[in-house]
Amino acid sequence: SAWEHDTRPRDDGTHAIRLGLRQVKGIDERARETLERQRAIGQYRSVRDFVARTQLGEQVVERLISIGAFDWTDAPRRELLWQLRTTLADADPEYPALGLTDDAQRALGASLPPMTSAEKVAADYRDTGLAPNLHAVELFRERLASRGVITVADAARLRDRSQIRLAGLAVSVQHPMTAKNFVFIALEDETGMINVTLRPQVYQAHRALLHRHPLLVIDGRLQVEGAVLNVIAQRLRSVDDTLDSPAERLDLAKQQRMFH
């Protein structure tokens, strides 16, 4: 990938956005210059070639592997992460290696289970701040639907004052000093975003939950004013608490933005 975001044509005639490396946390201006200089020389042949040419630190390379920047190698991400220490040791003799033979290293890496969809989504949010391939809510959509949870797109087709249940990622939480202690959430699912208003007593009852669990299920009453939708929240729960036994838990605790 290049430094800047760009678009790529799809077979159906539409265009997909390809995220640039600037989106990856931890890549600073010096790393950018190195990446652009090496990219001008030629394409990378492998992770080992990338490490040798860029000399980027372990943490940055780990992030790039975790978000799929090396999926073109066809090696599973977890296997690449396992092999990274040997790769770094090959590029830098002073780097501590695992002390395993190449065959043992490859065998252990190949035996590791692949990253789950939930782990990939969590890595995307952790290392880039967004998940371009799969929204977190999509991992649970079928089970959420069986519990009466609808999508934001579904809500747009309902009447004013409808009672609804939504699930989404609280991408921002605003608590303006001039709003008489009302709190406003921007709730996002795979179909769109909707505004959620918490009255003071509702916010106080769910304050701890809101700060710990950005992936929420919200019960409330829909307000429709033209094309603008808003939900007056009545009850908040985490997705984990809503599902009886979630198959995979997401570590998204730091993904929401709090504004006061």
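Under the numbering used here, the first residue of the sequence shown carries the number 18, and numbering increases by one thereafter.
The C-beta atom is built at its ideal place from N, Cα and C for all residues, glycine as well.
All values derive from a computational prediction rather than experimental measurement.
Relative to the alpha-carbon of residue i, which residue among the options has its alpha-carbon at the smallest distance?
{"i": "residue 186", "options": "205, 169, 179", "result": "205"}
{"i": "residue 64", "options": "47, 51, 82", "result": "82"}
{"i": "residue 169", "options": "66, 159, 161, 184", "result": "184"}
{"i": "residue 226", "options": "189, 166, 254", "result": "254"}
{"i": "residue 176", "options": "246, 62, 256, 50", "result": "246"}
{"i": "residue 107", "options": "84, 259, 70", "result": "70"}
{"i": "residue 154", "options": "199, 23, 55, 259", "result": "259"}
{"i": "residue 24", "options": "207, 35, 31", "result": "35"}
{"i": "residue 192", "options": "217, 210, 208", "result": "217"}
{"i": "residue 60", "options": "87, 98, 244", "result": "87"}
{"i": "residue 134", "options": "30, 151, 223", "result": "151"}
{"i": "residue 149", "options": "207, 222, 21", "result": "207"}
{"i": "residue 248", "options": "229, 167, 45", "result": "167"}
{"i": "residue 224", "options": "244, 252, 236", "result": "252"}
{"i": "residue 230", "options": "103, 45, 221, 256", "result": "256"}
{"i": "residue 244", "options": "158, 174, 79", "result": "174"}
{"i": "residue 21", "options": "57, 30, 49", "result": "49"}
In angstroms with no decimal places, state the Cα-to-Cα distance between residue i and residue j.
{"i": "residue 42", "j": "residue 73", "result": "13 angstroms"}
{"i": "residue 90", "j": "residue 242", "result": "50 angstroms"}
{"i": "residue 141", "j": "residue 234", "result": "22 angstroms"}
{"i": "residue 66", "j": "residue 85", "result": "17 angstroms"}
{"i": "residue 37", "j": "residue 178", "result": "42 angstroms"}
{"i": "residue 275", "j": "residue 232", "result": "Per-residue confidence for residue 275 stands at a pLDDT of 46, beneath the threshold of 50, marking its modelled position as unreliable; the derived number appears in the next sentence. The straight-line gap from Cα to Cα measures roughly 14 angstroms."}
{"i": "residue 200", "j": "residue 215", "result": "5 angstroms"}
{"i": "residue 92", "j": "residue 105", "result": "17 angstroms"}
{"i": "residue 55", "j": "residue 143", "result": "26 angstroms"}
{"i": "residue 283", "j": "residue 165", "result": "There is simply no residue 283 to check, as the chain begins at 18 and stops at 277 in what is shown."}
{"i": "residue 156", "j": "residue 52", "result": "34 angstroms"}
{"i": "residue 237", "j": "residue 163", "result": "18 angstroms"}
{"i": "residue 190", "j": "residue 203", "result": "7 angstroms"}
{"i": "residue 211", "j": "residue 221", "result": "21 angstroms"}
Which residues mark the beginning and the end of the beta strand (DSSP E) in which residue i is found?
{"i": "residue 252", "result": "245-255"}
{"i": "residue 290", "result": "The structure shown does not extend to residue 290, since the chain spans only 18 to 277, so no value can be given for it."}
{"i": "residue 77", "result": "Residue 77 -> not in any beta strand (DSSP E); alpha helix (DSSP H) instead, spanning 75-83."}
{"i": "residue 232", "result": "232-242"}
Who pairs with residue i in a beta bridge, going by DSSP?
{"i": "residue 105", "result": "According to DSSP, which records beta bridges pairwise, residue 105 is partnered with nothing at all."}
{"i": "residue 24", "result": "34"}
{"i": "residue 215", "result": "200"}
{"i": "residue 205", "result": "186, 210"}
{"i": "residue 180", "result": "238"}
Under 7 angstroms between the Cβ atoms of residue i and residue j?
{"i": "residue 172", "j": "residue 219", "result": "no"}
{"i": "residue 181", "j": "residue 239", "result": "yes"}
{"i": "residue 145", "j": "residue 40", "result": "yes"}
{"i": "residue 27", "j": "residue 19", "result": "no"}
{"i": "residue 132", "j": "residue 95", "result": "yes"}
{"i": "residue 99", "j": "residue 129", "result": "yes"}
Between which two residues does the alpha helix (DSSP H) holding residue i run?
{"i": "residue 70", "result": "64-71"}
{"i": "residue 52", "result": "46-58"}
{"i": "residue 138", "result": "134-145"}
{"i": "residue 159", "result": "158-162"}
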